[in-house]
Ligand SMILES: Nc1ncnc2c1ncn2[C@@H]1O[C@H](COP(=O)(O)OP(=O)(O)OP(=O)(O)O)[C@@H](O)[C@H]1O
Ligand SMILES: [Mg+2]
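Chains as they are written, first to last, in my numbering: chain A, -13 to 304; chain B, 13 to 260.
This is how it looks when you write it as structure tokens:
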């Protein structure tokens, strides 16, 4: 079943098409990773599907019903983790969660219980009575997530929930998301960090310039995009004859030589390791080192968009 | 959550805005204490033909005057909750934004009134200021505070720049004090005379308190409070329209 179905969604800001015929499905029970460079339209997409902004055209279906601004009922069943920290800095962590829980109609003991459980879930029970301004960046992010969880939503929408935080907080958050998913929460997870998507997501959508350009599991994407695999090997005697022999192997596209090192490009899916090694033993005086590089999500992304995920860096932690 | 429930959180947060408390309670109390003690006039001819203790005139005018700046709460809370990044979170909740806005508006009104009331009690205990009937005082504070919140609200909702809105709300506060002749003597012309008596919220508030205490009848104080509430009633639809446009 699809919790979310977006069809041909268009959102214009003046001349800019922030969403340009965007399509997206979110299936019940999955963690969908949404990847896209700065300005791709990820936040706009999230705002559109949650009814926070009006779109120019297209279909938005949330929990099986049309969603539009002003509709409150569907809002009971999702939680939105905003890209920016949107906590109340003049309320303690516990009061923040009590406020948000209260808006969802929780009261008294039930509310109190839910707040404690949520604090525990994000590991803030010991800081419950402090103001978030006193928290580290990672703890603020965790509270920012908790605020979207008090009401135990069916669908958790996370807009870059781990920007600029320490590794412990990050792995805590990833574990939490995994745990929630195991308990049945469907997750839309937007991020710049490839390794998060690779670790979490059961399916990936890559978007750029306001629309989806790829959709599938990591393996499916690699297969679909037909990225070539690269193999490096070092041989004792890199002779002309060896290179000729290697190039003759079916599936090998190209062989480059750098001293004793040979860089072999291989057609995707070609099974060439054995013949390569055999040739190297026969004509190269033996293999001293082999290293095969599987294409990563990073390569896929770069190939598809021609862009790095984040302005000025390769998607590593800040 | 009920509007009252949301108001409770707003009040809690206001009680923790220490800078605002310092400016809106600390400053007027210091001014009252310093000016009231230093100035040598103890009996002055200030309110119509009535003479009243200088300290009383000063304290009542100062406390009512600072109600005019209470709109800062409405402006600050609307800005941080419904205009800045936090708006995305609040809009993602199953929450009618007009009800939330109402809670902020009422919370700010009540909190500003409570500040006024606290200062009134303090000046009565410390300096023996006569405030008259406290129930009536609460009505007057409500009238001045509510109007000032609405002025702030209309400004923050209809202007593009929050900075400009804040400056203009200060113009409203300081301008009213000037028109009331509280800070400086105003020119002695019929026009200024009129505005100095009925044409600004501080004078209307003064009429309401002093008129009840020293006046011959209750017409002027009732009329003054009526005018304050009328002004609010005129601003309410403006605020609602601006809110619909700006907050969606
Ligand atoms: N209110 C707005 N007015 C004008 N342009 C906007 C507005 N909101 C977004 N945009 C533009 O729409 C495009 C998509 O923005 P969006 O915030 O959705 O991107 P994003 O993928 O979330 O980027 P990031 O990774 O930086 O968060 C950008 O070019 C942005 O400048
Ligand atoms: Mg974004």
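Note that CB positions come from ideal geometry on N, CA and C, so glycine has one too. Here the structure is a predicted model, which means the values were calculated and not measured.
Alpha-carbon to alpha-carbon, residue j and residue i
i, j, result
"residue 91 (chain B)", "residue 174 (chain B)", "8 angstroms"
"residue 86 (chain A)", "residue 72 (chain A)", "12 angstroms"
"residue 58 (chain A)", "residue 277 (chain A)", "55 angstroms"
"residue 77 (chain A)", "residue 28 (chain B)", "9 angstroms"
"residue -5 (chain A)", "residue 38 (chain A)", "14 angstroms"
"residue 213 (chain B)", "residue 220 (chain B)", "10 angstroms"
"residue 163 (chain A)", "residue 5 (chain A)", "27 angstroms"
"residue 141 (chain B)", "residue 142 (chain A)", "58 angstroms"
"residue 242 (chain A)", "residue 282 (chain A)", "22 angstroms"
"residue 98 (chain B)", "residue 126 (chain B)", "27 angstroms"
"residue 243 (chain B)", "residue 187 (chain B)", "17 angstroms"
"residue 222 (chain A)", "residue 291 (chain A)", "40 angstroms"
"residue 261 (chain A)", "residue 280 (chain A)", "19 angstroms"
"residue 220 (chain A)", "residue 110 (chain A)", "52 angstroms"
"residue 51 (chain A)", "residue 255 (chain A)", "42 angstroms"
"residue 13 (chain B)", "residue 110 (chain B)", "13 angstroms"
"residue 129 (chain B)", "residue 143 (chain B)", "10 angstroms"
"residue 200 (chain A)", "residue 207 (chain A)", "7 angstroms"
"residue 66 (chain A)", "residue 36 (chain B)", "37 angstroms"
"residue 107 (chain B)", "residue 258 (chain B)", "17 angstroms"
"residue 260 (chain B)", "residue 249 (chain B)", "15 angstroms"
"residue 272 (chain A)", "residue 253 (chain A)", "24 angstroms"
"residue 215 (chain A)", "residue 43 (chain A)", "41 angstroms"
"residue 179 (chain B)", "residue 211 (chain B)", "21 angstroms"
"residue 112 (chain A)", "residue 134 (chain B)", "39 angstroms"
"residue 54 (chain A)", "residue 103 (chain B)", "12 angstroms"
"residue 249 (chain A)", "residue 145 (chain A)", "40 angstroms"
"residue 30 (chain A)", "residue 251 (chain A)", "39 angstroms"
"residue 36 (chain A)", "residue 174 (chain A)", "12 angstroms"
Where residue i sits in the DSSP three-state scheme
i, result
"residue 19 (chain A)", "strand"
"residue 103 (chain B)", "helix"
"residue 313 (chain A)", "Residue coverage of chain A in this structure runs from -13 to 304, which leaves residue 313 (chain A) outside it and unanswerable."
"residue 33 (chain A)", "helix"
"residue 116 (chain A)", "coil"
"residue 240 (chain A)", "strand"
"residue 139 (chain A)", "coil"
"residue 145 (chain A)", "strand"
"residue 2 (chain A)", "strand"
"residue 207 (chain A)", "helix"
"residue -3 (chain A)", "strand"
"residue 68 (chain B)", "helix"
"residue 271 (chain A)", "coil"
"residue 63 (chain A)", "helix"
"residue 125 (chain B)", "helix"
"residue 219 (chain B)", "helix"
"residue 179 (chain A)", "coil"
"residue 256 (chain B)", "helix"
"residue 216 (chain A)", "strand"
"residue 15 (chain B)", "helix"
"residue 173 (chain B)", "coil"
"residue 39 (chain A)", "coil"
"residue 8 (chain A)", "strand"
"residue 82 (chain A)", "helix"
"residue 193 (chain A)", "strand"
Proximity test, Cβ basis, 8 angstroms: residue i and chain C
i, result
"residue 74 (chain A)", "Reference to chain C is not applicable here, since the protein chains of this structure are A and B."
At least 3 beta-carbon pairs within less than 8 angstroms: the stretch 162 to 176 of chain B vs the stretch 85 to 96 of chain B: yes
The stretch 176 to 194 of chain B contacting the stretch 66 to 78 of chain B, beta-carbon criterion three pairs below 8 angstroms: yes
Near-chain A residues of the stretch 93 to 104 of chain B - C-beta to any C-beta below 7 angstroms: 97, 98, 100, 101, 103, 104
Members of the stretch 237 to 250 of chain A that neighbour chain B once the beta carbon cut-off is set at 9 angstroms: none
Closer than 6 angstroms: residues whose CB approaches a heavy atom of ligand 1: A:-1, A:2, A:4, A:22, A:24, A:25, A:26, A:27, A:28, A:29, A:30, A:69
Members of the stretch 79 to 92 of chain A that neighbour chain B once the beta carbon cut-off is set at 8 angstroms: 81, 85, 86, 88, 89, 90, 91
Segment contact flag, the stretch 151 to 165 of chain A with the stretch 121 to 130 of chain A, C-beta cutoff 8 angstroms, min 3 pairs: yes
Where the stretch 24 to 37 of chain B meets chain A: residues whose CB sits under 8 angstroms from a CB there: 24, 25, 28, 29
The stretch 237 to 246 of chain B touching the stretch 146 to 163 of chain B, judged by at least three CB pairs closer than 8 angstroms: yes
Touching by the beta-carbon criterion (3+ pairs, under 8 angstroms), the stretch 171 to 180 of chain A and the stretch 100 to 110 of chain A: no
Within 9 angstroms of chain A by C-beta, residues of the stretch 65 to 83 of chain B in sequence order: none
Residues from the stretch 35 to 52 of chain A in contact with chain B, defined by Cβ distance under 7 angstroms: 36, 38
Given 8 angstroms, three or more beta-carbon pairs between the stretch 190 to 197 of chain A and the stretch 18 to 36 of chain A: yes
Contacting positions in the stretch 109 to 132 of chain B - beta carbon closer than 8 angstroms to chain A: none
Under 9 angstroms (Cβ pairs) to chain B, residues found in the stretch 158 to 188 of chain A: none
Against chain A: residues of the stretch 210 to 229 of chain B by CB proximity under 7 angstroms: none
Contacting positions in the stretch 169 to 181 of chain B - beta carbon closer than 9 angstroms to chain A: none
Contact set between the stretch -6 to 17 of chain A and chain B, restricted to residues whose Cβ is under 7 angstroms from the partner: none
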